[in-house]
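**Student:** Residue numbers (this note's numbering), protein chains in the order written: chain C, 1 to 305; chain P, 1 to 305. Don't be surprised by glycine CBs; every beta carbon is placed ideally from N, CA and C. Please see the structure below; I have some questions.
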DNA sequence: GGGTTGTATTGTCTAGGACAAATAGGTTGA
DNA sequence: TCAACCTATTTGTCCTAGACAATACAACCC
């Protein structure tokens, strides 16, 4: 009956935060944080507040900060940093979808959120909904989280609501004989599948045939699928949590495994931090870029001019 | 232009197979496999065939085999083992949904698969569809994979198709004022969300209000969500890939974080390998158990008898 | 059968060190 | 002014080898 101390082992912290055991041990020596206690066997055990701080640090690192400048900082400092980095986003005016949606989330009304999104979709049309509402909304939710204004589970509820609405819209939209044939997925380290759904919606709306593999497909399997399904384009999505340095080699390897005629497009927040695309691939940091890429594909593949 | 050798580093193998670096190094010493080459810096590099064999081994371990009995075995042996373990499944007769669906997958017709599933849903009704078609179909797909008859990406296509059909059916079904209020999700190590969708469909059909958080919610957040949404039941799903030994402690901790009135149900293939449920929780190895649990909850919560 | 004990197996953790790869900052040249 | 190069520092990943708790299995007794 005694409460099992909520201290976590190093392995559990790795799972919770996404920081590898090696990194956790190194930081301890280099920056003096985390500073886990030891159990009776001399093994590290991390108190919950340190785990939370680690989560916050991870989040800040995902936005481009470096360990040396944040790992040793106090929690209050970190929260201030998190709050200061939304300056670039245009401030959301009252009554906008951002504030409405965040409100519904905080008032614990997922069903209401779903309805609000659906109404908005019908009012704006799918393309505008994805580009003008969902994109800023995603940012707003992410930032609200990093400022501690909403909980992780509320982010999950949001994702589910959006996914439900989008899948519904997409259901009747996909034309099996549409062109180009587009394969969409993410690589194994990227669990976030909202991006490919949004792109799929935009492209299908323009008459492309979108084949989604869902998230987390091994690179080799992406190539197999592309071959078997004879697709014209492969779209990969990399969210902000994906380590940017792993993107170019991954794209290069995929490029090598695919025939030259098959295009490779990489989208998502992490691609915005890349200076340039690896040879034979194309970056789509924003949704507009996806439509531009589609238009360009059409121009160069139209037999008649 | 030189082809970057497709050898993988130990970290890459960890990501691809789900076997930790520690385990990979230990197996090397204990069982003589894997036997990676070394690059110019003395670091392990794994050839693709060894990675494939590791994937196969992982799959067999997920079904209950132990390392000492399989890690050192030849690939042919392993494939034979994989092929022999579907004896318990009643053989699928020709023309059944199993053979039809697998056929469509192998013929690379995801759109056809989706239609077939949708037709089946309409013909059988949602409950029978989930219990009598989807459940055996999931098994069949999993086993076909482990026998090497279908590729991973085909499994992904299957999952997407099922998810599309189920979400569609679920869209209009959920009654915000239904009872009990049920929260569904998986823990962070469990990416497989099909199970919660299937359960949600069954329960919503019976008039429950199903709140899905999607997959991979941290335990603490599950508790937060349950409190904020005032749910009556929390359902967690553990697929075959989830290490069974981690289930009881996780359930126990959740039990501790939730009020006594909130029930905890654990479903999925991994729960079938548990001898008994931790105190204050309930195991649902099959879909029927979910319905039984719902009926029981209703019986004990009905004011009048 | 059902529970208890002992034994073997297996995964996780420890330590400190080496070093490649990524990044920042300064310098040079167009 | 901007781009391209260089160098120094930072940072993550990998190495070895061993200790040991937790788990699973087998044998035993009731």
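Roughly how many angstroms separate the alpha carbons of residue 310 of chain C and residue 100 of chain C, rounded to a whole number?
**Tutor:** With chain C covering 1 to 305 only, the question about residue 310 of chain C has no answer from this structure.
**Student:** Whole-angstrom Cβ separation of residue 183 of chain P and residue 225 of chain P, contact assumed at under 8 Å?
**Tutor:** 6 Å
**Student:** Given that residue 212 of chain C touches chain P, what residues does it touch there, using C-beta distances under 7 Å?
**Tutor:** 160
**Student:** Under 8 Å, Cβ to Cβ, is there at least one residue of chain C near residue 164 of chain P?
**Tutor:** yes
**Student:** To the nearest angstrom, how far is the alpha carbon of residue 8 of chain C from that of residue 47 of chain C?
**Tutor:** 7 Å
**Student:** Ignore the nearest five residues each way along the sequence and tell me which others in residue 234 of chain P's own chain have a CB closer than 6 Å to its CB.
**Tutor:** 183, 226, 264
**Student:** Kindly indicate the opening and closing residues of the beta strand (DSSP E) around residue 206 of chain P.
**Tutor:** Premise fails: residue 206 of chain P is in no beta strand (DSSP E) and is neither H nor E.
**Student:** Take the Cβ of residue 16 of chain C as the centre, count every other Cβ of all protein chains shown within 10 Å, and call the residue buried at 16 or more, exposed below.
**Tutor:** buried
**Student:** Please list the partners that residue 157 of chain C has in chain P, where partner means a Cβ-to-Cβ separation under 8 Å.
**Tutor:** 211, 213, 225
**Student:** Please determine, among C:192, C:205, C:142, the residue with the shortest C-alpha to C-alpha distance to residue 172 of chain C.
**Tutor:** C:205
**Student:** Select from C:29, C:260, C:10, C:222 the residue whose C-alpha is nearest the C-alpha of residue 21 of chain C.
**Tutor:** Among C:29, C:260, C:10, C:222, the Cα nearest to that of residue 21 of chain C is on C:10.
**Student:** Output, in chain order, the set of chain C residues within a Cβ distance shorter than 7 Å of residue 248 of chain P.
**Tutor:** Neighbours of residue 248 of chain P on chain C: none; closest Cβ ~12 Å, over 7 Å.
**Student:** Do residue 164 of chain P and residue 207 of chain P come within 8 Å of each other at the CB atom, strictly closer than that value?
**Tutor:** Inclusion of residue 207 of chain P and residue 164 of chain P in the CB contact set at 8 Å is not warranted, their separation being larger than that value.
**Student:** Are there 16 or more other CB atoms within 10 angstroms of the CB of residue 268 of chain P, so buried, or fewer, so exposed?
**Tutor:** buried
**Student:** State buried or exposed for residue 193 of chain P, treating a residue as buried only when at least 16 other CB atoms are found within 10 Å of its CB.
**Tutor:** buried
**Student:** CB residue 44 of chain C to CB residue 53 of chain C, shorter than 8 Å?
**Tutor:** no
**Student:** Just curious, the alpha helix (DSSP H) that residue 242 of chain C is in, first and last residue?
**Tutor:** Where residue 242 of chain C is concerned, there is no enclosing alpha helix (DSSP H), given that its DSSP letter is neither H nor E.
**Student:** To the nearest angstrom, how far is the alpha carbon of residue 123 of chain P from that of residue 116 of chain P?
**Tutor:** Residue 123 of chain P and residue 116 of chain P have their C-alpha atoms roughly 11 Å apart.
**Student:** Could you check what DSSP says for residue 181 of chain P in three-state terms: helix, strand or coil?
**Tutor:** strand
**Student:** Could you check whether the Cβ of residue 153 of chain P sits closer than 8 Å to any Cβ belonging to chain C?
**Tutor:** yes
**Student:** By Cβ distance, which residues of its chain are closer than 7 Å to residue 230 of chain P, with the 5 residues on each side in sequence left out?
**Tutor:** 181
**Student:** Quick one, are the C-beta atoms of residue 82 of chain P and residue 60 of chain P less than 8 Å apart?
**Tutor:** Yes, the Cβ-Cβ distance between residue 82 of chain P and residue 60 of chain P is below 8 Å.
**Student:** Checking contacts by CB at 8 Å: is residue 167 of chain C closer than that to chain P?
**Tutor:** yes
**Student:** Closer than 6 Å by C-beta to residue 188 of chain C: which residues in its own chain qualify, once you throw out the five before and the five after it? Chain order, please.
**Tutor:** 216, 218
**Student:** List the residues that DSSP assigns as beta-bridge partners of residue 267 of chain C.
**Tutor:** C:237, C:284
**Student:** Whose C-alpha, out of C:150, C:136, C:30, C:104, is nearest the C-alpha of residue 195 of chain C?
**Tutor:** C:136
**Student:** If contacts are defined as beta-carbon pairs under 8 Å, then residue 228 of chain P and residue 108 of chain C qualify, I think. What distance do you get, rounded to the angstrom?
**Tutor:** 5 Å
**Student:** Determine, for residue 218 of chain P, whether the minimum Cβ-Cβ distance to residues of chain C falls below 8 Å.
**Tutor:** yes
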